[in-house]
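Residue numbers for the sequence shown follow our numbering, beginning at 124 and rising by one. Note that the Cβ used here is the ideal one computed from N, Cα and C, for glycine as well. Working notes, beginning with the structure itself.
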Amino acid sequence: MSASKDSYQIKKVNPFAKYFVLVVLFALPLVAYLFFLQGKHHFDTLPVMNEQVGNLDNFKTLEGEVVQLTDSVSVITFLGHQPYERLGYVSNINEKIYKEFHQFESFQMISIVPQSGIKDIEEIRYQMKETTDIEDWHFITGTDQEIKNFFKKLGSDLILNEDLSSDYAFITDKNGALRGRPKEDDEEAVYGYDTSSISALQKTMIDDMRVLLAEYRFAFKKNRDQEIDGYE
Numbered sequence: 124m125s126a127s128k129d130s131y132q133i134k135k136v137n138p139f140a141k142y143f144v145l146v147v148l149f150a151l152p153l154v155a156y157l158f159f160l161q162g163k164h165h166f167d168t169l170p171v172m173n174e175q176v177g178n179l180d181n182f183k184t185l186e187g188e189v190v191q192l193t194d195s196v197s198v199i200t201f202l203g204h205q206p207y208e209r210l211g212y213v214s215n216i217n218e219k220i221y222k223e224f225h226q227f228e229s230f231q232m233i234s235i236v237p238q239s240g241i242k243d244i245e246e247i248r249y250q251m252k253e254t255t256d257i258e259d260w261h262f263i264t265g266t267d268q269e270i271k272n273f274f275k276k277l278g279s280d281l282i283l284n285e286d287l288s289s290d291y292a293f294i295t296d297k298n299g300a301l302r303g304r305p306k307e308d309d310e311e312a313v314y315g316y317d318t319s320s321i322s323a324l325q326k327t328m329i330d331d332m333r334v335l336l337a338e339y340r341f342a343f344k345k346n347r348d349q350e351i352d353g354y355e
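Here it is, written out as C-alpha cells:
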C-alpha cells in the first residue's frame with residue numbers, strides 16, 4: 124500500500140516539473156531578445172546591404188577545410204600579406220566582438236589572408252590560444268585574385284588596401300547577405316565596421332550584432348511556439 128502511495132506522489136509531481144521546464148524554455152529566448160535590443164539602434168532588424176556576397180569555396184583553412192557562410196552569422200576580416208602588422212586590429216575585434224559573441228550558436232569569425240601570410244597567422248593563432256578559445260575563428264587563405272574577387276562581391280563602398288588588408292570587418296547573415304546600416308539623414312551608410320576604432324566597435328558593431336542575433340532568437344522562438352500550437 125505504501126509503495127502504491129509513493130508511486131502516486133511521483134506521478135503527481137512530474138507534471139509540475141514538465142511545465143516548469145517549458146516556462147524556462149519559453150522565457151530564455153525572450154530574455155535574450157530584450158538583452159540584445161538594449162542598444163541604441165534604429166532598427167527592429169539589421170538592414171540587408173547586399174543580398175548575396177558569394178561563397179568561400181575557393182578558400183581553405185590552415186587545416187585544408189572549406190568554410191561556409193550559409194547557416195552562420197559571420198564576421199569577416201581581411202588581414203593582408205603581413206597579418207602580424209595588423210595585430211592591433213585583430214586584438215580589438217577579438218576583445219570587443221569575438222569574445223562577446225562566439226559562444227552563441229552558429230556564430231563564426233573569418234579572417235582572410237593571402238598564402239604569403241600563413242606564417243604570420245600561425246604565430247597569431249599561437250599567441251591568441253593563450254587567452255582565447257579560437258574554435259569559432261577561422262583563418263582562411265586564397266590567391267590574391269580570389270581575395271580581390273570576394274571583397275568586390277561584398278558590394279560595399281569600401282576599398283581593399285594594396286596589401287589585400289582592410290581596416291573594416293563585415294557582417295553576413297545565415298543566408299550569406301551583407302548586413303549594415305543604410306544612409307540616413309546626416310549619417311553615412313555602414314557596410315563595414317572600423318576595427319582600428321574601439322569606439323566604432325563598442326558603439327556600432329556590438330549594437331548591430333545584438334540586433335541581428337535577436338532576429339534569429341526571436342524567429343526561433345516564434346517557430347517553436349507555432350510547432351507547439353500545432354501539436355496541441
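- Boundaries of the beta strand (DSSP E) around I294: 291-295.
- When the five nearest sequence neighbours on each side are left out, the beta carbons in the same chain lying within less than 8 Å of the beta carbon of Y316 are those of Y291, A292, F293, I294, A323, L324, T327, M328, D331, in order along the chain.
- Here E269 has N181, F182 as same chain residues with Cβ atoms under 8 Å from its own Cβ, once five neighbours each way along the sequence are excluded.
- Here the alpha carbons of L281 and V198 stand approximately 16 Å from one another.
- Annotation: V176 to G211 spans about 27 Å, alpha carbon to alpha carbon.
- As far as DSSP is concerned, E223 takes part in no beta bridge.
- Scanning its chain for C-beta atoms nearer than 6 Å, with the 5 sequence neighbours on each side dropped, one finds around E174 the residues A300, in chain order.
- Note on geometry: alpha-carbon atoms of R340 and D167 lie some 13 Å from one another.
- It is roughly 21 Å from the alpha-carbon of E228 to the alpha-carbon of N178.
- Excluding five sequence positions before and after Y207, the CB atoms of its chain that fall closer than 6 Å to its own CB belong to D243, given in chain order.
- Assignment of G265 by DSSP, reduced to helix, strand and coil, places it in the strand class.
- Three or more beta-carbon pairs drawn from the segment 233-243 and the segment 190-205 are found closer than 8 Å, and the two stretches are therefore classed as touching.
- Secondary structure of F230 (DSSP, three-state): strand.
- Around the CB of Y314, 16 or more other CB atoms lie within 10 Å, so the residue is classed as buried.
- Taking 7 Å as the cut-off, the beta carbon of R302 is found closer than this to the beta carbon of L335.
- The C-alpha of K306 is placed about 27 Å away from the C-alpha of N217.
- Less than 7 Å separates the beta-carbon of I263 from that of T184.
- Here the C-alpha atom of Q238 lies approximately 7 Å from the C-alpha atom of T266.
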